[in-house]
Amino acid sequence: MSRFLKVAALSVGAALALSQPLQAGSLGLGTPATPEEIAGWDIDVRPDGAGLPEGRGTVAEGEAIFSEQCAVCHGDFGEGAGRWPVLAGGQDTLTSEAPVKTIGSYWPYLSTVYDYIHRAMPYGNAQSLSADETYAVVAYLLYLNDIVDDEEFELSKENFASIRLPNEDGFIDDGRPDTPLASEAPPCMSECKAEVKITKRARIIDVTPEDDGEVSGMAVD
Amino acid sequence: MSRSSKSHDGPANPSRRGLLKAGIAGAGLVAGAGLARAAGGDPANLPPNVADWSRYLGPGVDAAPYGMPSEHEAQVVRRSVEWLTASRESSINFTPLHELDGIITPNGLCFERHHGGVAEMNPTDYRLMINGLVDKPLIFTLEDLKRFPRVNRLYFLECAANSGMEWRGAQLNGCQFTHGMVHCVMYTGVPLKYLLEEAGLKTNAKWIMPEGGDAAGMNRSVPIEKALDDCIVAFKMNGEALRPEQGYPARLVVPGWEGNMWVKWLRRIEVGDMPWHAREETSKYTDLLEGGKARRFTWVMDAKSVITSPSPQAPILHAKGATVLTGLAWSGNGRITRVDVTLDGGKNWHEARIDGPSLPKALHRFYFEFDWDGSELLLQSRAHDETGYVQPTKDALRAVRGTNSIYHNNGIQTWYVKADGGVENVEIS
């Protein structure tokens with residue numbers, strides 16, 4: 001039995017011990033959502049293109065919007081200003097000491113770029129970009145990441161699904177548990193090792209917030 | 001000493017922190033328990049004297065319509081680490097675990113994690129839409145939600161990034177900072193199953209996508225099995241309405257799974273036949289492994305524990321002798337069955353005492369009482385859950401995952417207790 005199924009079986013056992021309210025079918029609560037209401041809120045886009053609105057935008061159009069509305073945080077070329085997220089570059093860094101995870105180096109699907117920019121960006125003025133503006137900004141981000149190289153490139157609902165990001169195959173399913181269970185390696189209880197040495201100390205790094213030179217939150221009277 | 005002298009006119013009140021410093025300076029905590037007790041109060045308030053609070057009336061019943069903690073507990077607050085994030089609105093703060101006991105987190109101390117600040121939502125304007133692969137797309141008001149049968153469940157909520165700063169080594173001094181992205185409250189709400197059944201799931205319904213009504217529009221993909229199992233749309237925490245920073249007026253509860261999926265200010269649930277691969281399950285909340293591949297959909301929070309006292313923010317302030325070690329353990333895979341603790345860096349382990357309710361996917365409180373001889377200690381705790389999972393060391397996790405996975409660090413924490421009672425976050429061989 002897989003661990004997941006075992007856990008599911010245990011959950012059922014636990015649920016039996018708890019009192020479950022009766023609910024016999026529909027209670028007739030809620031009101032039907034109209035197509036207009038759904039259209040106003042249903043903004044998500046999937047990797048297969050489901051949810052994309054009609055529209056189009058070019059790299060050049062995207063550059064103009066990006067410089068005006070995005071570059072103050074993300075830099076003119078998606079390189080990131082200060083601590084704000086880097087959107088371009090970082091290719092071939094995923095195995096390095098300090099990976100640079102960007103749309104071009106890490107993200108698997110272009111749909112996520114459209115979905116996220118439209119729902120949450122610009123930061124502080126979300127859902128302000130039109131469909132055409134969003135297509136244009138996404139096209140510009142493809143350009144910044146060297147995924148398209150033509151400033152005249154136009155991204156649209158029609159050609160959207162044909163664009164693939166470099167790291168689409170970079171993701172694998174959850175492989176846990178990836179350390180031994182008690183049945184495989186019962187934990188040692190006594191005389192487990194001869195010697196113990198301190199190898200790292202947070203005090204040396206000294207980045208914890210402080211009050212009066214001491215770690216914040218120290219118990220006081 | 002005159003009985004009429006107000007406490008602030010009395011001698012300076014030496015703080016426990018001052019005492020600790022004295023210990024560090026070499027005055028020594030070995031001076032004995034009597035000294036610690038005598039130094040810890042204003043003689044005017046101690047026997048045989050009679051304190052003011054024993055003589056004069058205190059505030060009346062309406063002084064605090066919504067009560068707050070004693071002013072002497074002012075240090076028990078959420079704290080943030082400013083360098084962790086670029087802005088305050090997409091950021092994190094930490095529960096003061098080192099000051100708490102039991103398994104319930106007070107609402108005002110539950111850590112916060114927002115991606116677009118706190119959505120300040122009017123409950124009369126609250127709407128929850130269910131659409132997609134359903135027979136009947138619906139919109140619920142908050143009052144509608146409150147007409148469904150309710151359940152009460154106690155669960156921990158842990159941020160996937162809890163302890164994430166510690167992947168490369170010991171960084172932050174205090175369990176508030178290393179482990180404080182967790183809280184545990186009693187939720188009251190409607191099983192998500194009932195809401196989905198009200199709309200009627202189509203046979204090809206395999207996934208749901210909860211979405212927040214905040215400016216981040218937080219969206220995640222949740223498999224339908226989980227949605228129909230134990231997810232709750234909650235509108236109360238610890239008996240009262242959700243706090244605004246916890247999703248007022250309604251949030252999703254996803255027991256045992258990473259906090260990011262517990263969508264706050266829940267405005268919509270779409271039903272679909274495949275996952276959405278939203279930003280928060282591709283760019284974020286994916287776990288980069290050493291070879292360059294990343295795990296996705298790492299939903300469950302594995303068994304974990306931490307000693308909350310002694311800890312860097314909760315040093316030992318008494319002399320040697322009777323000492324209470326306490327901490328928290330939890331598992332997204334069920335109940336905690338056992339917690340082991342060591343005082344000597346893992347040479348020898350002792351089974352701790354779990355006290356209070358042991359509920360699946362909830363915090364568990366453990367204690368280990370011991371006689372401290374004043375020598376240096378290396379404290380660790382090791383949780384076991386009902387699936388047979390044993391909390392691993394950080395080295396065991398790093399051997400499999402490397403140091404860049406950011407999320408899901410449930411490795412064993414070590415505290416170094418020095419002879420003066422001070423405590424540091426360390427790693428050991």
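Chains A and B supply the protein sequences, listed in that same order. Residue numbering for the first sequence follows the UniProt record's numbering, beginning at 1 and increasing consecutively. Residue numbering for the second sequence follows the UniProt record's numbering, beginning at 1 and increasing consecutively. Just so you know, even glycine gets a beta-carbon here, dropped at the ideal spot from N, CA and C. This structure is a prediction, so every number in the text was calculated from the model and none was measured.
Using a Cβ-Cβ cutoff of less than 6 Å, which residues in the same chain neighbour residue 113 of chain B once the five nearest sequence positions on both sides are dropped? For the purposes of this step, residue 113 of chain B is taken as residue 113 along the second sequence, with counting starting at 1. Here residue 113 of chain B has 92 and 159 as same chain residues with Cβ atoms under 6 Å from its own Cβ, once five neighbours each way along the sequence are excluded.
Same chain, Cβ closer than 7 Å to residue 206 of chain A, neighbours up to 5 away in sequence not counted: For the purposes of this step, residue 206 of chain A is taken as residue 206 along the first sequence, with counting starting at 1. Taken in chain order, the list of residues that qualify is empty.
Does the structure place the segment 266–282 of chain B close enough to the segment 144–152 of chain A that three or more beta carbon pairs sit under 8 Å? These segments do not touch.
Looking at residue 162 of chain A and residue 388 of chain B, is the spacing between their C-beta atoms short of 8 Å? As a working note, residue 388 of chain B is residue 388 in the second sequence. As a working note, residue 162 of chain A is residue 162 in the first sequence. The criterion of a C-beta distance shorter than 8 Å is not satisfied by residue 388 of chain B and residue 162 of chain A.
Would you check if there are 3 or more beta carbon pairs closer than 8 Å linking the segment 163–175 of chain B to the segment 208–218 of chain A? Cβ pair count under 8 Å is three or more, so yes.
Rounded distance between the beta-carbons of residue 107 of chain B and residue 240 of chain B, thought under 8 Å: Mapped onto the second sequence, residue 240 of chain B falls at position 240. Mapped onto the second sequence, residue 107 of chain B falls at position 107. Right, their Cβ atoms sit about 7 Å apart.
Pairwise C-alpha distance: residue 324 of chain B and residue 346 of chain B: Position 346 of the second sequence, counting from 1, holds the residue named residue 346 of chain B. Position 324 of the second sequence, counting from 1, holds the residue named residue 324 of chain B. Looking at the backbone, the Cα of residue 346 of chain B and that of residue 324 of chain B are separated by about 19 Å.
Quick one: grab the DSSP three-state call for residue 54 of chain B. Counting from 1 along the second sequence, the entry for residue 54 of chain B is found at position 54. DSSP places residue 54 of chain B in helix when its eight states are reduced to three.
Closer than 9 Å at the beta carbon, the chain B residues around residue 192 of chain A: Taking the first residue of the first sequence as position 1, residue 192 of chain A is located at position 192. Within chain B, the residues 342, 346, 347, 348 and 349 have their CB atoms less than 9 Å from the CB of residue 192 of chain A, given in chain order.
How is the beta strand (DSSP E) around residue 329 of chain B delimited, first residue to last? Start at 1 with the first residue of the second sequence, and residue 329 of chain B comes out as number 329. Looking at the DSSP string, the run of the beta strand (DSSP E) that includes residue 329 of chain B is 321–330.
Any Cβ of chain B within less than 8 Å of the Cβ of residue 36 of chain A? Taking the first sequence and counting its residues from 1, the one referred to as residue 36 of chain A is at position 36. For residue 36 of chain A, not one C-beta of chain B is nearer than 8 Å to its own C-beta.
Can you list, in chain order, the stretches of the alpha helix (DSSP H) that have 4 or more residues and sit fully within the segment 51–110 of chain B? Counting only runs of 4 or more, we get nothing.
The beta strand (DSSP E) with residue 189 of chain B in it runs from where to where? Translated into the one-based positions of the second sequence, residue 189 of chain B becomes position 189. From DSSP, the beta strand (DSSP E) with residue 189 of chain B extends over 182–191.
Check whether the Cβ of residue 418 of chain B lies closer than 8 Å to any Cβ atom in chain A. By 1-based counting over the second sequence, the position of residue 418 of chain B is 418. Not one chain A Cβ lies under 8 Å of residue 418 of chain B.
Determine, using beta carbons only, whether residue 150 of chain B and residue 180 of chain A come nearer to each other than 8 Å. By one-based count along the second sequence, residue 150 of chain B stands at place 150. By one-based count along the first sequence, residue 180 of chain A stands at place 180. The beta carbons of residue 150 of chain B and residue 180 of chain A sit no closer together than 8 Å.
How would you label residue 66 of chain B, buried or exposed, when you count the other beta carbons within 10 angstroms and need 16 or more for buried? Position 66 of the second sequence, counted from the first residue, corresponds to residue 66 of chain B. Result: exposed.
Residues near residue 351 of chain B in its chain [Cβ-Cβ closer than 7 Å; skip 5 each side]: As a position in the second sequence, residue 351 of chain B is number 351, starting the count at 1. Result list for residue 351 of chain B: 338 and 340, in chain order.
Runs of alpha helix (DSSP H) lying entirely within the UniProt domain "Cytochrome c" (57–145) of chain A, each at least 4 residues, in chain order: Counting only runs of 4 or more, we get 59–69, 71–74, 110–120 and 131–144.
I want to verify the contact list: residues of chain B whose CB lies under 7 Å from the CB of residue 42 of chain A, in sequence order. Counted from its first residue, the first sequence places residue 42 of chain A at position 42. What residue 42 of chain A touches in chain B: 131 and 270.
Is there at least one Cβ from chain A nearer than 8 Å to residue 390 of chain B's Cβ? By one-based count along the second sequence, residue 390 of chain B stands at place 390. Yes, residue 390 of chain B counts as interfacial toward chain A.
For residue 135 of chain A, does the count of other Cβ atoms within 10 angstroms reach 16, so buried, or fall short, so exposed? In the first sequence, residue 135 of chain A corresponds to position 135, counting from 1. If you draw a 10 Å sphere on the C-beta of residue 135 of chain A, you find 16 or more other C-beta atoms in it, and that means buried.
Would you tell me roughly how many angstroms separate the C-alpha atoms of residue 228 of chain B and residue 193 of chain B, rounded to the nearest one? Position 228 of the second sequence, counting from 1, holds the residue named residue 228 of chain B. Position 193 of the second sequence, counting from 1, holds the residue named residue 193 of chain B. In this structure, the alpha-carbon of residue 228 of chain B lies about 5 Å from that of residue 193 of chain B.
CB residue 333 of chain B to CB residue 385 of chain B, shorter than 8 Å? Start at 1 with the first residue of the second sequence, and residue 333 of chain B comes out as number 333. Start at 1 with the first residue of the second sequence, and residue 385 of chain B comes out as number 385. For residue 333 of chain B and residue 385 of chain B, yes; Cβs fall inside 8 Å.
Cutting at 6 Å between CB atoms, please list the residues of its own chain near residue 311 of chain B, excluding the five before and the five after it. Taking the first residue of the second sequence as position 1, residue 311 of chain B is located at position 311. Same-chain partners within the cutoff: 98, 175, 415 and 423.
Kindly identify the DSSP beta-bridge partner or partners of residue 210 of chain B. Counted from its first residue, the second sequence places residue 210 of chain B at position 210. In DSSP, residue 210 of chain B forms a bridge with B/269.
Ignoring anything shorter than 3 residues or poking outside the segment 218–302 of chain B, list the beta strand (DSSP E) runs there in chain order. Segments of the beta strand (DSSP E) lying fully in the segment 218–302 of chain B: 232–237, 251–253, 266–272 and 294–296.
Applying the 10 Å Cβ sphere with the 16-neighbour rule, what's the burial state of residue 431 of chain B? Only positions 1 to 429 of chain B appear in the structure, and residue 431 of chain B is not among them; the question remains open.
Check the Cβ-Cβ distances between residue 274 of chain B and every residue of chain A, and say whether any is below 8 Å. Your numbering for residue 274 of chain B matches position 274 in the second sequence. So yes, residue 274 of chain B belongs to the interface.
Going by CA-CA distance only, name the one from B/134, B/418 and B/64 that's closest to residue 374 of chain B. To locate residue 374 of chain B, count along the second sequence from 1; it is residue 374. Nearest option by C-alpha distance: B/418.
Nearest to residue 292 of chain B by alpha carbon, out of A/77, A/53 and A/166? Translated into positions along the second sequence, residue 292 of chain B becomes position 292. Selection A/77, A/53 and A/166 evaluated against residue 292 of chain B yields A/166 as nearest (Cα-Cα).
Helix, strand or coil: how does DSSP classify residue 400 of chain B here? Along the second sequence, one-based indexing puts residue 400 of chain B at 400. In this structure, residue 400 of chain B counts as helix in the three-state DSSP scheme.
Against chain A, does residue 45 of chain B count as a neighbour if the rule is that its beta carbon must be under 8 Å from one of theirs? By 1-based counting over the second sequence, the position of residue 45 of chain B is 45. Output row for residue 45 of chain B: interface = no.
Of all the CB atoms in chain A, is at least one closer than 8 Å to the CB of residue 149 of chain B? Position 149 of the second sequence, counting from 1, holds the residue named residue 149 of chain B. So, interface residue.
Determine whether the Cβ of residue 223 of chain B lies closer than 8 Å to any Cβ atom of chain A. Looking up residue 223 of chain B in the second sequence gives position 223. So, not an interface residue.
DSSP state of residue 47 of chain A, grouped into three classes? Stepping through the first sequence from its first residue, residue 47 of chain A is reached at position 47. It is coil, neither helix nor strand.
Straight-line Cα distance separating residue 237 of chain B from residue 254 of chain B: Taking the first residue of the second sequence as position 1, residue 254 of chain B is located at position 254. Taking the first residue of the second sequence as position 1, residue 237 of chain B is located at position 237. Computed Cα separation, rounded: 14 Å.
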